[in-house]
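Residue numbers (the numbering used here): 4 to 78. For glycine and all other residues, C-beta sits at the position ideal for the given N, C-alpha and C. Quick notes on the structure that follows.
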């Protein structure tokens, strides 16, 4: 079962790596649609999606590396 968890971890990491480039493509397409007379919602939606995927990927990579976000000590 240990091999299966490694495969799942790598697939999860791969999805985190693929998410931001796909979001960038959607943002670029949304900007082009807006320039061609489309709604402002397309680029705004693309930007929100990009920020969401970057935030999610960043949090998961911190978890994968085993670091925990800690507050600086006040000593």
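Residue nearest to residue i in terms of C-alpha spacing, selected from the options
i	options	result
residue 63	29, 40 and 22	22
residue 55	24, 6, 11 and 7	24
residue 31	53, 14, 8 and 65	53
residue 59	7, 16, 10 and 6	16
Residue i (DSSP reduced to helix, strand or coil)
i	result
residue 41	coil
residue 69	coil
Status (buried if at least 16 other CB within 10 Å, exposed otherwise) for residue i
i	result
residue 26	buried
residue 33	buried
residue 49	buried
Closer than 8 Å to chain C by CB, residue i
i	result
residue 26	In the structure shown, chain C does not exist; there is a single protein chain.
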